[in-house]
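Just so you know, we're using the numbering used here here: the sequence shown kicks off at 15 and counts up by one.
See below for the structure under consideration.
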Amino acid sequence: QGRTHRARTMLASFSQSALESRTQELSRNTQNYSIILNTILRKAAEQGGVHPLYIDRLSSEFAHRIEETSNASDFETLWQEMAHKYCLLVKKHSSQNHSQLVQQVISRVDYDLGADLSLKANAEALNVNASYLSSLFRKEMGVTLTDYVNRKRVEHAVYLLSNTTLSISSVGQYCGIQDDNYFTKMFKKYTGKTPKQFRQENVRFPKA
């Protein structure tokens with residue numbers, strides 16, 4: 015359920031076992047333990063009701079960092095970060111506490127941000143009254159469905175702008191926003207920056 019203190023207690027036991035083997039193969043053994051831990055935390059997040067899209071992203075990030083780490087003390091720091099971030103992931107994205115209908119909407123949004131995710135489209139897809147869906151979603155989520163979808167689209171745009179070389183126009187289209195001007199306006203509303211400004215300040219790939 016995203017309880018960080020419990021994860022850290024479990025991690026202390028895991029860490030002791032992982033570092034007991036003081037052999038020449040310590041680095042490789044510790045990497046293997048790290049891969050196992052990543053898998054355990056991934057499964058726990060799945061059981062916590064987190065959509066695979068978010069789990070895959072975090073799991074892939076840690077898989078890459080595990081391969082780049084070789085120092086034992088660095089591994090211990092990485093394990094703490096892994097436990098903390100997976101717990102935060104469950105806290106932020108778990109849908110277990112919501113009604114089945116709202117869970118279905120969340121899954122539709124997470125599955126394809128490029129689709130028509132308007133209130134009308136969601137209501138028709140789930141065969142429910144649009145007003146009822148709107149009211150229930152806002153009651154359970156604390157935001158309107160439109161605002162939720164927009165935030166998720168901007169979150170994904172942030173990821174694509176930071177980690178890919180896709181053009182800004184393509185990023186908007188991947189996130190379900192076909193109009194470049196509207197994409198820029200909406201992105202700035204939630205981040206305070208235009209997509210171009212954000213990419214210049216947060217790019218994570220080598221500049222050409």
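Ideal Cβ positions, reconstructed from N, Cα and C, are used throughout, including at glycine.
What you are looking at is a predicted structure, and each value in this text was computed from that prediction instead of being measured.
Between the alpha carbons of residue 59 and residue 124, how many angstroms are there, rounded? One Cα belongs to residue 59, the other to residue 124, and the distance between them is close to 16 Å.
Alpha carbon of residue 53 to alpha carbon of residue 73, nearest angstrom: In a straight line, the C-alpha of residue 53 is about 8 Å away from that of residue 73.
Return the chain-ordered list of same chain residues with a C-beta closer than 7 Å to the C-beta of residue 207, the five sequence neighbours on each side being excluded. none
Terminal residues of the continuous alpha helix (DSSP H) containing residue 101? Run containing residue 101: 86-107, per the alpha helix (DSSP H) assignment.
By Cβ distance below 8 Å, which residues in the same chain neighbour residue 119 in space, the five residues on each side in sequence not counted? Same-chain partners within the cutoff: 136, 140, 147, 151, 159.
In whole angstroms, what is the alpha-carbon distance linking residue 111 and residue 154? Straight-line Cα distance between these residues: approximately 9 Å.
Buried or exposed: which applies to residue 190, given that a residue is buried once 16 or more other Cβ atoms fall within 10 Å of its Cβ? buried
Taking only three categories from DSSP, how would you classify residue 179? coil
Run the CB neighbour count on residue 132, radius 10 Å, all protein chains shown included, and call it buried at 16 or more, exposed below. exposed
Residue 71 classed as buried or exposed, judged by whether at least 16 other C-beta atoms fall within 10 angstroms: exposed
Candidates 183, 56, 117, 55: which alpha carbon is nearest residue 213's? Ranking 183, 56, 117, 55 by Cα distance to residue 213 puts 183 first.
According to the Cβ coordinates, are residue 98 and residue 68 closer than 7 Å? no
With DSSP as the reference, label residue 36 as helix, strand or coil. Reliability of the predicted coordinates at residue 36 is poor, the pLDDT of 49 falling under 50, and the value obtained from them is presented with this limitation in mind. Three-state DSSP puts residue 36 in coil, outside helix and strand.
For residue 174, does the count of other Cβ atoms within 10 angstroms reach 16, so buried, or fall short, so exposed? Looking at its Cβ environment, which holds 16 or more other Cβ atoms inside 10 Å, residue 174 is buried.
Do residue 55 and residue 96 come within 7 Å of each other at the CB atom, strictly closer than that value? yes
Could you pull out every residue in the same chain whose Cβ sits closer than 7 Å to the Cβ of residue 198, ignoring the five residues on either side in sequence? For residue 198, where only same-chain residues beyond five positions count, the Cβ hits under 7 Å are 208, 209.
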